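K.L.:
If you scroll down you'll find the structure; I have some questions about it.
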Amino acid sequence: MPELPETETIARDLDRAIAGRTIVAATVTRPDVLREVTATQLVESTVGTTIVRSWRRAKLVVLDLDSGDRIVVQPRFTGALLLDAGELPETERRFSTLHFTLDDGRLLHYRDIRRLGTVALMGPARFAEYSATLGIEPLDPALSAERLSVLLRGSRQAVKKLLMDQHVVVGIGNIYANEALWRAGIDPSRDARSLDASEARRLHEGIVSVLTESIAARGTSFRDYRDASGGKGGFVEMLAVYGRGGLPCPRCGARLVETHAVDGRTTVFCARCQE
Ligand SMILES: [Zn+2]
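Anchor point for the sequence shown: position 71 equals 71 in my numbering, and the numbering is continuous, going up by one each time.
What follows is the structure, given as structure tokens:
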């Protein structure tokens with residue numbers, strides 16, 4: 001599932017590619033991906049509007065329209081926003097659920113293989129209300145090491161599970177939780193509230209550094225993830241623990257341990273240098 005860096009990559013690419021373009025037509029072929037709007041309403045509300053910008057909130061790609069409405073896309077497992085100037089392969093196009101026709105002739109598809117992702121249309125008040133239910137952005141200066149320390153102390157969960165709790169901090173899934181904890185030298189199964197202030201500081205640094213470096217590398221590629229031009233991310237080369245169970249720890253050389261002890265998800269960590 002795309003996490004923060006992959007979603008950020010999609011949103012930034014789209015912003016460069018489509019900000020300022022006007023939607024001249026909209027076609028919905030699989031209305032079951034729609035939320036909070038019918039196919040007819042989506043067409044009526046978007047045709048004739050201009051896309052002001054594309055940006056990310058949590059794991060959502062948000063397209064601001066000059067009408068004030070926002071198209072809110074949650075790609076989840078197999079969703080992607082793909083631009084098509086006539087060269088989109090049939091293997092992608094057949095999973096298109098809806099598309100917008102832009103004033104330069106290109107199509108913007110939302111393709112979703114398993115159709116577990118969603119597309120919503122929200123007015124400003126509804127979006128603000130919805131956004132308020134989501135956790136804090138990890139790269140927002142508001143999430144300082146001190147603030148993270150307070151969140152950790154108030155939790156009864158394992159630290160890894162807390163990092164992945166989207167109501168607390170958004171955008172961190174299994175890949176970046178594993179990586180941030182390895183960088184911080186913290187055992188993923190530790191009680192969040194047992195971390196002291198210096199460990200919280202290391203964890204904060206691990207989160208910020210891994211997300212920032214991954215964004216710079218255009219995210220981690222995995223099955224079904226594509227950025228807006230259909231490319232894959234480069235951060236997979238830089239993963240220290242995720243997907244590396246049984247291989248040597250890049251820091252100390254001990255064999256990395258793979259377990260399912262935290263919330264049933266695959267956790268990979270170094271039992272020697274993560275405490
Ligand atoms: Zn190690």
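Quick reminder that beta carbons are idealized off the backbone N, C-alpha and C, glycines included. Here the structure is a predicted model, which is why all the values come from computation and not from measurement.
Between which residues of its own chain and E92 is the CB-CB distance below 7 Å, once the five residues before and five after are set aside?
P.N.:
The residues are L82 and R111.
K.L.:
Entirely within the segment 25-50 and at least 4 residues each: give me those alpha helix (DSSP H) ranges in chain order.
P.N.:
Within the segment 25-50, the complete alpha helix (DSSP H) runs of at least 4 residues are 39-46.
K.L.:
In this structure, what does DSSP give as the bridge partners for G79?
P.N.:
DSSP lists D112 as partners of G79.
K.L.:
Quick check: what's the CA-CA separation for L211 versus R201?
P.N.:
Cα-Cα distance, rounded: 16 Å.
K.L.:
Can you tell me whether Q41 is buried or exposed? The criterion is at least 16 other CB atoms within 10 Å of its CB, across all chains shown.
P.N.:
Exposed.
K.L.:
Compare the beta carbon distance of F77 and M1 with 9 Å and say whether it is the shorter of the two.
P.N.:
Closer than 9 Å, so yes.
K.L.:
So if DSSP puts P248 in a beta bridge, which residue, or which two residues, is it bridged to?
P.N.:
Answer by DSSP bridge pairing, in chain order: R255.
K.L.:
Can you name the start and end residues of the alpha helix (DSSP H) that D13 belongs to?
P.N.:
Element bounds for D13: L4 to I18.
K.L.:
Give the C-beta separation of I186 and Q274 to the nearest angstrom, bearing in mind that I take them to be a contact with Cβ-Cβ under 8 Å.
P.N.:
Yes, I186 and Q274 are in contact; Cβ-Cβ is about 6 Å, under 8 Å.
K.L.:
Does ligand 1 have a heavy atom nearer than 8 Å to the CB of A254?
P.N.:
Result yes, Cβ under 8 Å from ligand 1.
K.L.:
Applying the criterion that 16 or more other CB atoms from any shown protein chain within 10 Å of the CB defines a buried residue, is C249 buried or exposed?
P.N.:
It is buried - the Cβ of C249 has at least 16 other Cβ atoms within 10 Å.
K.L.:
Hey, out of G154, R272 and A58, whose CA is closest to V72's CA?
P.N.:
Nearest C-alpha to V72: A58.
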